[in-house]
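K.L.:
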Amino acid sequence: MPSAKHAHVIMPTRWTVFMRTFFPWQAWRFVAINLKMLGVIRRSHD
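Under this note's numbering, the residue at position 3 of the sequence shown is numbered 4, and the numbers go up by one with no gaps.
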């Protein structure tokens with residue numbers, strides 16, 4: 002029986018759970034975010 006604290010928590014969809022646990026997607030996001038950060042840092046040092 003769920004407690005009242007968790008009564009309004011939205012459960013992730015199967016697709017969301019898959020994308021959160023799919024390693025190639027996580028690796029791609031890691032690379033993309035780091036490249037974006039490098040661009041921001043590079044522009045700030047000009």
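Backbone N, C-alpha and C fix where the C-beta goes; we use that ideal spot for every residue, glycine too.
#1: Rounded to whole angstroms, what's the CA-CA distance from V10 to V18? Just pull it up for me.
#2: State the CB to CB distance for the pair W26 and M20, rounded to an integer number of angstroms; the pair is presumed to be in contact (CB under 8 Å).
#3: For a test of the three-state rule: what should DSSP assign to P13, helix, strand or coil?
P.N.:
So, from the data block:
#1: Start at 1 with the first residue of the sequence shown, and residue 10 comes out as number 9. Start at 1 with the first residue of the sequence shown, and residue 18 comes out as number 17. The alpha-carbon atoms of V10 and V18 are separated by roughly 15 Å.
#2: Walking along the sequence shown from the start, residue 26 turns up at place 25. Walking along the sequence shown from the start, residue 20 turns up at place 19. Confirmed, Cβ separation roughly 5 Å.
#3: Within the sequence shown, residue 13 is the residue found at index 12, counting from 1. Of the three classes helix, strand and coil, the one that applies to P13 here is coil, per DSSP.
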